[in-house]
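Engineer: Quick note on the numbering used here: the sequence shown kicks off at 427 and runs consecutively. Where is the CB? At the ideal position from N, CA and C, for every residue including glycine.
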Amino acid sequence: MEINLLEVLNAAKEKGASDIFIVAGLNLSLNIKGEIVPVSDDFLRPDDTARIIEEIYDIAKQKDKFENFVQTGDADFSFAQAGIGRFRVNTYRQRGSFAAVMRLISFELPDPASLGIPKVVTELYHHKKGLILVTGPTGSGKSTTLYTMLSEINDVKDNIVTVEDPVEYMIGGLNQVQVNAKAGMDFAAGLRSILRQDPDIIMIGEIRDSETVEIAIRAAITGHLVLSTIHTNDAISTIFRLIDMDVPSYMVAASLVGVISQRLVRTICPKCKMPNRPDPDELVLADMPKEEAASITFYKGAGCSACNESGYKGRMAVHEVLIVDHGFRDLIQRNRPLGDLQEYAVKNGMETLRQSALRAVKEGRTTLEELINITHGT
427 MEINLLEVLN AAKEKGASDI FIVAGLNLSL NIKGEIVPVS DDFLRPDDTA
477 RIIEEIYDIA KQKDKFENFV QTGDADFSFA QAGIGRFRVN TYRQRGSFAA
527 VMRLISFELP DPASLGIPKV VTELYHHKKG LILVTGPTGS GKSTTLYTML
577 SEINDVKDNI VTVEDPVEYM IGGLNQVQVN AKAGMDFAAG LRSILRQDPD
627 IIMIGEIRDS ETVEIAIRAA ITGHLVLSTI HTNDAISTIF RLIDMDVPSY
677 MVAASLVGVI SQRLVRTICP KCKMPNRPDP DELVLADMPK EEAASITFYK
727 GAGCSACNES GYKGRMAVHE VLIVDHGFRD LIQRNRPLGD LQEYAVKNGM
777 ETLRQSALRA VKEGRTTLEE LINITHGT
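#1: Give me whichever residues DSSP pairs with residue 587 in a beta bridge.
#2: Using 8 Å for Cβ pairs, my map puts residue 626 next to residue 651. What's the rounded Cβ distance?
#3: DSSP beta-bridge partners for residue 688?
#4: Give a yes or no on contact between the segment 677–692 and the segment 708–726, applying the rule of three or more CB pairs nearer than 8 Å.
#5: In three-state terms, what does DSSP make of residue 778?
#6: Can you list, in chain order, the residues of its chain with a C-beta nearer than 6 Å to that of residue 677? Leave out the 5 residues immediately preceding and following it.
#7: What is the rounded straight-line gap between the Cα of residue 454 and the Cα of residue 436?
#8: Where residue 668 and residue 639 are concerned, what is the direct C-alpha to C-alpha distance, given to the nearest angstrom?
#9: State yes or no: is the C-beta of residue 479 within less than 8 Å of the C-beta of residue 443?
#10: Under 8 Å, with one C-beta from each stretch per pair, do the segment 549–560 and the segment 589–596 reach the 3-pair mark?
#11: Just to check my reading of the structure: residue 511 and residue 533 have Cβ atoms closer than 8 Å, yes? What is that Cβ distance to the nearest angstrom?
#12: Exposed or buried, residue 432, counting other C-beta atoms within 10 Å across all chains shown (16 or more means buried)?
#13: Can we say the segment 686–699 touches the segment 740–750, given the rule of at least three CB pairs closer than 8 Å?
#14: For the alpha helix (DSSP H) containing residue 572, list its first residue and its last residue.
#15: Report all residues from its chain with a CB closer than 6 Å to the CB of residue 793; omit the five preceding and five following residues, and keep chain order.
#16: With a Cβ-Cβ cutoff of 8 Å, do residue 446 and residue 528 count as a contact?
#17: Return the chain-ordered ranges of every beta strand (DSSP E) run that is complete within the segment 626–708 and spans a minimum of 3 residues.
#18: Per the contact definition of three or more C-beta pairs closer than 8 Å, is the segment 770–778 in contact with the segment 700–715?
#19: Would you say the segment 657–667 touches the segment 558–567, given that touching needs at least three Cβ pairs under 8 Å?
#20: Can you list, in chain order, the residues of its chain with a C-beta nearer than 6 Å to that of residue 798? Leave out the 5 residues immediately preceding and following it.
#21: Spatial neighbours of residue 635 within its chain, please: CB distance less than 8 Å, with the 5 preceding and 5 following residues excluded, ordered by chain position.
#22: Do residue 630 and residue 617 have their C-beta atoms closer together than 8 Å?
#23: I think residue 569 touches residue 655, with their Cβ atoms under 8 Å apart; what is that distance to the nearest whole Å?
#24: By the DSSP assignment, the alpha helix (DSSP H) with residue 477 in it spans what residues?
#25: Looking only at DSSP bridge pairs, what is residue 792 linked to?
#26: Please report the straight-line C-alpha distance between residue 486 and residue 439, rounded to a whole angstrom.
#27: Use the C-beta contact count for residue 464: other C-beta atoms within 10 angstroms, 16 or more gives buried, fewer gives exposed.
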């Protein structure tokens with residue numbers, strides 16, 4: 427019996443996958459809570475993946491992406507499948523074969539508590555004006571955090587407008603604008619357009635260029651609450667990224683009210699959780715003195731059928747939340763170096779990504795290995 431694309435999508439959702447990796451002639455694999463898991467040949471043989479790619483061809487054609495798909499093998503588009511969710515699709519050529527990555531976005535938004543979003547973040551989103559940025563690498567949950575908080579502050583008394591590429595979650599009461607570069611509607615053009623609608627709150631899917639960031643900052647200064655994402659390693663370096671995008675430091679200081687840097691870490695499987703003594707090399711990589719390690723009870727998952735022998739079950743977010751207060755604004759305006767900004771923020775209560783992950787380790791929710799994965803080299 428031949429397996430079709432719909433059955434692949436259903437299987438991915440049932441297994442809790444966030445991404446599906448399809449390469450013609452190779453085993454299909456799934457990203458399940460941060461772990462890449464190959465799909466059994468009993469479900470879909472490598473020789474059958476080319477047929478699944480053909481079905482993706484058909485969707486690309488409907489999305490006016492087929493010509494570029496055939497010529498270059500590269501296309502980005504999204505589509506919805508009833509009863510499953512929305513999918514963001516990127517296609518490319520790999521070793522002469524077509525390949526595709528499909529990200530599953532649930533129709534239902536999670537609540538802040540299930541994401542591990544701290545109270546300081548929810549308080550940040552209740553500002554009436556200013557710029558709030560969420561930063562982190564691809565796949566760190568930035569968009570989900572934005573959408574979740576946007577739905578929390580969604581009020582009929584506010585005119586909330588978004589400009590996105592693509593529109594991932596449909597939220598009632600919001601005016602959501604889809605970016606269409608082919609029609610001349612990029613982020614900057616979309617942002618200029620929605621400002622004519624007198625919005626109270628603006629959400630921009632991503633700040634990618636100097637034109638977009640300039641319009642966003644001017645909107646934040648003139649009384650709008652602007653939410654967006656940006657790619658930086660941590661909260662403090664976001665300040666310098668904005669300045670590198672030709673934003674004067676005084677405008678960064680005047681507009682920015684907060685930056686949330688986040689990562690996803692795998693959580694220990696509760697079925698096979700057990701105490702664990704870390705290897706000395708792990709302590710070195712975690713920059714953890716032996717005295718500090720001696721006061722912590724470390725845990726890991728031994729591996730069982732419930733977690734596919736991985737020792738992990740599910741993921742949680744860890745956060746670094748920078749609150750831009752009067753003193754921090756003064757440092758930005760005076761063009762102080764990164765070290766001075768970091769010192770001030772930590773002294774005034776900012777929990778770094780490492781500290782947030784370490785707290786999760788001490789609570790027995792994740793492992794030292796995961797702390798190293800998100801902090802080593804950053």
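Structural biologist: Let me lay it out:
#1: 601 and 628
#2: 7 Å
#3: 745
#4: no
#5: coil
#6: 643
#7: 14 Å
#8: 8 Å
#9: no
#10: no
#11: 5 Å
#12: exposed
#13: yes
#14: 568–578
#15: 726
#16: yes
#17: 627–630, 651–656, 682–694 and 699–701
#18: no
#19: yes
#20: 711 and 712
#21: 613, 614 and 671
#22: yes
#23: 7 Å
#24: 475–488
#25: Paired residue(s): none; residue 792 is not in a bridge.
#26: 21 Å
#27: exposed
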